[in-house]
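Note sheet for the following structure.
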Amino acid sequence: RRQHGGVGLGRGDVLGIEVTVDVDQFRSQSVFVMGEVRSPGRYTLSGQVTLLEALAQAGSATAAAGAEVLILHPKEAARNMPAQPGDGDADIERINLRDIESGKLSQNVALHDGDTVFVPRAERFYVTGFVRNPGYYVLEPHMTVLQAISTAGGVTERGSNRRVRITRIVNNERREFDAQLTDIVQPGDTIN
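The sequence shown begins at 19 in the working numbering and counts up one residue at a time.
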């Protein structure tokens, strides 16, 4: 008979062994974060990586960022360079950044090794004339003329919503036309 830790072990005795394994580190993944972020580049992150975690590593989106984020999933597994939005060798997933900011965490998708997060510059429009804060503003998807005027602080006492004009570049030509308050604003429009 052998003694093991003060317990006598005889022939046929079974040792009860309990093993605990802690995973110290998951396989790291490399993702690229490009465009309108404070620190664009390649980031190596551990475990399951989400869009918000990647954006946080890159210092978050800048004030010039648009509402939509593109996630490019390369079709080839091993990529050492970021994918570009015009590449045909990457699948593109579009995520509305405003949805995530408002708490819709279902949009906080998981990233995979070699993915590229691209934050494009926001499209802008201009408001001039008798509004409280004339200037340029970030164009939100499906924004109407009325919403654009409201974004600029609304009309002043001298202004009116009745005669609104839009100046727009169409086929490299500047065109001006009467606008309805329900018309959708296009990138680069000047509302007067």
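C-beta atoms are modelled at their ideal positions from N, C-alpha and C, and glycine is treated no differently.
Of the residues Arg-60, Arg-139 and Val-55, the one whose Cα lies closest to the Cα of Ser-48 is Arg-60.
Judged by beta-carbon spacing, Ile-110 lies beyond the 9 Å limit of Leu-129, meaning their Cβ atoms are not closer than that value. For Arg-116, same chain residues with a beta-carbon under 7 Å away, outside a window of 5 residues either side, are Ala-85 in chain order. For Ile-187, same chain residues with a beta-carbon under 7 Å away, outside a window of 5 residues either side, are Gly-206 in chain order. Only buried fits Ile-184, as 16 or more other CB atoms lie within 10 angstroms of its CB. Counting only runs of at least 4 residues, the segment 92-143 fully encloses the following alpha helix (DSSP H) elements, listed from N- to C-terminal order: 115-119.
Pro-100 has its alpha-carbon roughly 7 Å from the corresponding atom of Asp-133. For Leu-73, the enclosing alpha helix (DSSP H) begins and ends at 69-75.
Judged by DSSP secondary structure, Leu-63 falls within the beta strand (DSSP E) whose first and last residues are 59-64. The beta carbon of Thr-169 lies closer than 7 Å to those of Tyr-155 in the same chain, with the five residues before and after it left out. In the three-state scheme derived from DSSP, where H, G and I count as helix and E and B as strand, Val-203 is classed as coil. Under the three-state reduction of DSSP, Gln-165 is assigned to helix. Annotation: Gln-198 to Ile-113 spans about 30 Å, alpha carbon to alpha carbon. In the three-state reduction of the DSSP assignment, Glu-86 falls in the strand class.
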